[in-house]
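See below for the structure under consideration.
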Amino acid sequence: MKEQHETKQAEIQVNGLENITGAEAILRCLVEEGVDTIFGYPGGAIMPVYDKLLDYSDKLRHILTRHEQGAAHAAQAYAMVAGKPGVCFATSGPGATNLITGIANAYLDSVPVVFITAQVVSGLIGTDAFQETDILGVSMPVTKWNCQIKKSQDIPGTIARAFYIAKTGRPGPVLIDITKDAQVDKLLFRYKKCSYLRSYNPHLPLKKKAVESAAIMINHAEKPLILAGHGILISGAEEELRTFAEKTGIPVAVTLLGLSCFPCDHRLYAGFLGMHGNYGPNLLTNEADLIIAIGMRFDDRVTGNLKKYAKNARIIHIEIDEAEINKNVQVDLEIHSDAREALQYLIPLVSEKSYESWIREFRICDKVEFEKVIKAETKPEKGEIRMGEVVRMVSEMTAGNAIIVTDVGQNQMSAARYYKFTSPGSFITSGGMGTMGFGLPASIGAKIGNPDKQVIGFIGDGGFQMTIQELGTIMHYKIPAKIIILNNGFLGMVRQWQHMFFNRRYASTELVNPDFEIIARGYGIPAKTISARQDLKEGLQQMLDAEGPFILNIAVEKEGNVLPMVEPGASVSDVTLNYKG
Amino acid sequence: MGKQEFTISLFSEDHIGILNQITIILTRRQINIESITASESAVKGVQLLTLVVKTSPDMVRKVAKQMEKLVDVLKVFVHSSDEIIYQEIALYKVKTNGLMSGNIIDSIVRNHHARILVVSPEYTVIEKTGHRSEINDLLNHLEPYGILQFVRSGRVAVTKQVKELNAYLKEMDGADRYREENIEPYEKN
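Read top to bottom, the protein sequences are chains A and B. For the first sequence, our numbering begins at 1 and goes up steadily by one. For the second sequence, our numbering begins at 582 and goes up steadily by one.
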């Protein structure tokens, strides 16, 4: 207490400005930016900040993860659910490098996260000092922007810029590296949010002419198809997308990260695109005469073989990141703009139409897919439990209203395919990067980001063990996330590829697993193992009803394949429905 | 698509690490930098990087957009060689005794439009500005007399549409600029 008193005495005011340490200034900046939750892990160089954090515990909640990678993923999921930048702390050296996978993941999926790493004292930089690493150099290719602060007085301006850059335009992670002396030295604190940088124009005026041309193309199309991506959710254009689709009668297909931006039970919902997407939208991409791509980037997992992609279609691309336009697919009309803004201007210009026979083609495909894949996957009568069956059951039991988090691989594809999303922003997954180990920490971040909603993580037995230490975080903070381990004893997706493309030579994909139930119990988390179909529903109900966290370890079909599949190098219209290997 | 030579003029804030960010973009696409020059531009506080790359028109367009996307980059222009006026500068250090026979010096100065910078008993330093091929011509010409050192700069270039470029930069400079010592970030007027 005495010490604290002395600190207060030292905070003399100069010209009405408080004289505070850099460490305190960092926290004050975060409060000014509306931050209330920080994910992180302390260490030598960042100790001044953590020390001050104790005094700010009423305003800033710090979640101590069990590994910096976990903090990064949790901060990302938090950002996606809470709709504001996530914040993540780590110390210098290994603390900072442990973040890299998480930073790269946020970068590829355009999620705003402000990473603050500590650095050794400025005099030691470049000398290979203890726990010194060139984190600016290391993080440069995977951040939207990064910067090092060596002087305490640069802290407010730089943090203001970091938040502005992270959340505007195409959002992304930023990293600020702050030397230990800058944290200790004092400054006269004044904060002003950043709203302009001359070299950065995230919001360009809408080119109305282009949108008007788009309207003409749309009004004359015979087989138009909307491809909706993450940009819809980022710009908050779900309502506009729905209005646009309903007015024009155009079917809507979504990308992996676009899932939940359009209700899965809508009559115009065409399904999910990509390698393991639905049959209809993949096949009919090559039938469409007009593609309206909104807030998506024609990733290779969506397009398949580019030489055979959408050759019958003219393409309109509405995209905020100009570097994505004409990167993979040559488009006929580019609208370099925010998705919501473009749609708002576009809606009054398009005519009311309906495409009954075109929609029917999708319904026919749906039927084919149901008969050949979905029926056996979601309603099997015998054999081992299927992943799709679990997901569909959870979907029905939660009325499509839970926040679904996934890891990567078969668990992810099954969740994407069989959960019927009804509320926007309710699917949290690692898309571009495909990071195994994302699921568990992301479930934590998602639950903290929205404590009122049921958060359910679908994770494979492989990915679960990549960040299994985060069970400690769940235990520590009693985070009521629900985790379903879809346990097939394999690295399922890699095994599927070995099955299909490597003559079933299962090299290093079979796992010898621990008893996850006992591990969960060790962390004080209620858990249950299910291996028989008749126990599945009851187990899921118990999990959903649990007030706190719950881990449900479900033994699923060991050698199940996720289908349909657009095989690597194949065209989207050569989608495989039944594989007999 | 065939490879062509392009000159990329990149205007950026004078911040540390820009060059690193640029080379990351080129490295990912396996594009070699033929030459590079960094200097201050006509506008104070704005750095100009001039890069020469050989790649396809499609690829240069893509990387230019990725460069322009960088937060600290103000503007990127891509030009083919016929759209710009450009020069390189080269210095040749040659053994003096070799040059002193006949009227070689005269031929260098007159025919190659070169300049003599230094003459000492041991060596002579010749300067030449011009296009790559002209510089190479002189190098070939001097080779028999014993080249002690040879160095060539990166390309410097101005566009033929000088006005547009300057106007753009002035416009940017008119905006309130971020200054390191100023704790207030940039505000639009």
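Ideal Cβ positions, reconstructed from N, Cα and C, are used throughout, including at glycine.
Interface flag, residue i vs chain B, CB-CB below 9 Å
| i | result |
| --- | --- |
| L333/A | no |
| S199/A | yes |
| A570/A | no |
| E322/A | yes |
| L124/A | no |
| L306/A | no |
| N326/A | yes |
| I165/A | yes |
| L27/A | no |
| W145/A | yes |
Exposure of residue i, with buried meaning 16 or more beta-carbon neighbours within 10 Å
| i | result |
| --- | --- |
| V31/A | exposed |
| G626/B | exposed |
| M543/A | buried |
| I551/A | buried |
| Q541/A | exposed |
| T101/A | buried |
| V14/A | exposed |
| P549/A | buried |
| T588/B | buried |
| R610/B | exposed |
| M681/B | exposed |
| D321/A | buried |
Three-state class that DSSP yields for residue i in the structure shown
| i | result |
| --- | --- |
| M296/A | coil |
| F458/A | strand |
| H230/A | helix |
| C88/A | strand |
| N411/A | helix |
| M565/A | strand |
| T740/B | strand |
| Y759/B | Residue placement at Y759/B cannot be trusted, given a pLDDT of 38 that sits under 50; the coordinates are not used to answer. |
| A342/A | helix |
| I479/A | coil |
| N146/A | strand |
| S571/A | strand |
| D177/A | strand |
Contact list for residue i against chain E, beta-carbon separation under 7 Å
| i | result |
| --- | --- |
| P141/A | The structure shown contains no chain E; the protein chains it does contain are A and B. |
Separation of residue j from residue i, as counted between CA atoms
| i | j | result |
| --- | --- | --- |
| D185/A | A77/A | 33 Å |
| Y673/B | S622/B | 28 Å |
| E68/A | G439/A | 15 Å |
| A106/A | V405/A | 15 Å |
| T91/A | V35/A | 20 Å |
| N613/B | A507/A | 38 Å |
| V391/A | G277/A | 15 Å |
| V211/A | I335/A | 7 Å |
| N770/B | H203/A | Caution is warranted here: a pLDDT of 30 is assigned to N770/B, below 50, making its placement in the model unreliable, and the coordinate value is therefore given only provisionally. Those two C-alpha atoms are separated by around 16 Å. |
| A25/A | L187/A | 8 Å |
| D461/A | G44/A | 34 Å |
| L632/B | D639/B | 17 Å |
| V732/B | S701/B | 19 Å |
| T255/A | N717/B | 54 Å |
| G492/A | V114/A | 33 Å |
| R691/B | Q668/B | 19 Å |
| E240/A | M296/A | 16 Å |
| M275/A | M648/B | 30 Å |
Proximity of residue i and residue j at Cβ, strictly below 9 Å
| i | j | result |
| --- | --- | --- |
| K193/A | A118/A | no |
| K150/A | P112/A | no |
| I298/A | V329/A | A small correction: the amino acid at residue 298/A is Phe; Ile does not occupy that position in the sequence shown. A contact, by the Cβ cut-off of 9 Å. |
| L655/B | L630/B | no |
| A104/A | G86/A | no |
| T636/B | K584/B | yes |
| P224/A | R242/A | no |
Chain A contact for residue i (CB, 9 Å cutoff)
| i | result |
| --- | --- |
| V654/B | yes |
| E621/B | no |
| R610/B | no |
| S637/B | no |
| S590/B | no |
| N601/B | yes |
| Q647/B | yes |
| N763/B | In this prediction, N763/B has a pLDDT of 38, which is less than 50 and means its spatial position is unreliable; what the coordinates show is noted afterwards. Judged by the 9 Å Cβ criterion, N763/B is in contact with chain A. |
| S593/B | yes |
| K741/B | no |
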